[in-house]
Every structure is written in structure tokens, then in C-alpha cells.
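A.B. asks: This structure is in C-alpha cells; I'll ask about it shortly.
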Amino acid sequence: MAVTQQLARIPEGYLAACRQSAAASPDGDPHWDPLAYDVLDLDWAPALLKRVGEVAGLEEVHLDALRRATDGDTALDLRFLGTHPHAIAPFGGAPTGLGVSQVACVSELLGQIDMPVLLATLPADERDAASLIGQVGSIAEGLRAYLLEHFNALRDFYLDAAKRHLHVVIWWD
2 MAVTQQLARI PEGYLAACRQ SAAASPDGDP HWDPLAYDVL DLDWAPALLK
52 RVGEVAGLEE VHLDALRRAT DGDTALDLRF LGTHPHAIAP FGGAPTGLGV
102 SQVACVSELL GQIDMPVLLA TLPADERDAA SLIGQVGSIA EGLRAYLLEH
152 FNALRDFYLD AAKRHLHVVI WWD
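Just remember that our numbering sits 1 ahead of the position in the sequence shown, which is counted from 1.
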């Protein structure tokens, strides 16, 4: 089983209910089960997307937004999601997240990134491009298509979260 990055759009009420469930349960079960519609699997794309931004000279404010979109921060208290045996990130670090105002900011900045332009700065040769950004092995659909698909999914995910005033929780599973 591959470990991939997961994101979930969550209302504050849902987080509160999960915290309450974890506190009331003898084994800390938060009953974490976000709706499939509100979960995004970014596969292994986060590090590659950030590396493309670095290589292409993406402005620091936009690069920071891309980092926050995939790394989160500690603004949300998510310790209850890391409690054994119900930890949602058993193969990675503790879950992180972004609050509603951070989601709105990240969404706006992601919307300003022109990923096709960034991808065009990579070497034309697929192997050279992959080597430059640290991709090991080949990607069936092609590196640029893979990165563009995952960036667009990330951007759209945050846009919807911002419109709906939701938090975003991030973990590796």
C-alpha cells in the first residue's frame, strides 16, 4: 500500500464533534470519516509541485502558499486525530491543517499561480525534467500532465473550501 497525501475539507462543527467523540471514547476514537466528496488524494505530487515552484522561480508568497496548502500548520488542534489506535496518519507525521481564514488566503494565492507556465520552464526532455525536480521513475501519463492534474485538483479543492468557509485537514496515509 502506497503512502499518499490526503486532504479533507471540514466544517468546524465536524471537528468539534470528532474532538468530543475522542474525549468520550475509552480508546480515543474520534469517529473521523469525512465525506468522500470532501477528501482529496494528492498522491506523491506535493513535493514535486513545490520543487517545480522553486526551480521555476515562483515568487516567495506563492511558493509559501503552495507549501501551506500541502504542509498545513499548527493553527488547528488536531491532536485527537493522532491518537492510537485510531490515528489517521499512521505512516506519516501528525495531521496538520489550516483554519478558514488561512484556507481563503491560500486559495486566492493558488489561483494566481500559472502552473502551465511553471511547467514550461522545465527541460523539454522528460527524464531531465524529472531529475531536476527529484522524481524517481516514470509517470505513465507523463510528468507535466501528472503535475498539472494534481495542481488543478489542489487549487479547485481549496477554492471550494474557501467558498464554503471550511477548514482543511492534511495528513499522509
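For glycine and all other residues, C-beta sits at the position ideal for the given N, C-alpha and C. This one's a predicted model, so the numbers in the text were calculated from it and none came from an experiment.
#1: Using only alpha-carbon positions, find the residue among 97, 111 and 40 that is nearest to residue 65.
#2: Would you mind stating whether residue 97 and residue 72 have Cβ atoms separated by less than 8 Å?
#3: Quick check on DSSP: helix, strand or coil for residue 28?
#4: Along the chain, where does the alpha helix (DSSP H) containing residue 36 start, and where does it finish?
#5: Quick one: any contact between the region 165–173 and the region 76–85, if contact means 3 or more CB pairs under 8 Å?
#6: Evaluate residue 165 with the Cβ neighbour count: other Cβ atoms within 10 Å of its Cβ, from every protein chain shown; 16 or more gives buried, anything less gives exposed.
#7: If you check the beta carbons only, do residue 175 and residue 124 fall under 8 Å apart?
#8: Decide if the region 135–145 is in contact with the region 27–43; the criterion is three or more beta carbon pairs, one per stretch, under 8 Å apart.
#9: How about residue 40 and residue 3: are their beta carbons less than 8 Å apart?
#10: Could you tell me the alpha carbon to alpha carbon distance between residue 46 and residue 83, rounded to whole angstroms?
C.D. replies: Looking at the atomic coordinates:
#1: As a first step, residue 65 must be located in the sequence shown, where it is residue number 64. When each option's Cα is compared against that of residue 65, the closest is 111.
#2: What you label residue 97 is simply residue 96 of the sequence shown in a count that begins at 1. What you label residue 72 is simply residue 71 of the sequence shown in a count that begins at 1. Remark: C-beta atoms of residue 97 and residue 72 approach each other more closely than 8 Å.
#3: As a working note, residue 28 is residue 27 in the sequence shown. Here residue 28 sits in coil by DSSP.
#4: Counting from one through the sequence shown, the residue named residue 36 turns up at place 35. Premise fails: residue 36 is in no alpha helix (DSSP H) and is neither H nor E.
#5: yes
#6: One-based indexing of the sequence shown puts residue 165 at position 164. Answer is exposed; the Cβ neighbour count stays below 16.
#7: Only positions 2 to 174 of the chain appear in this structure, which leaves residue 175 out of reach.
#8: no
#9: In the sequence shown, the residue the question calls residue 40 occupies position 39. In the sequence shown, the residue the question calls residue 3 occupies position 2. By the CB criterion at 8 Å, residue 40 and residue 3 fall outside the cutoff.
#10: Position 45 of the sequence shown, counted from the first residue, corresponds to residue 46. Position 82 of the sequence shown, counted from the first residue, corresponds to residue 83. Near 23 Å, if we compare the C-alpha coordinates of residue 83 and residue 46.
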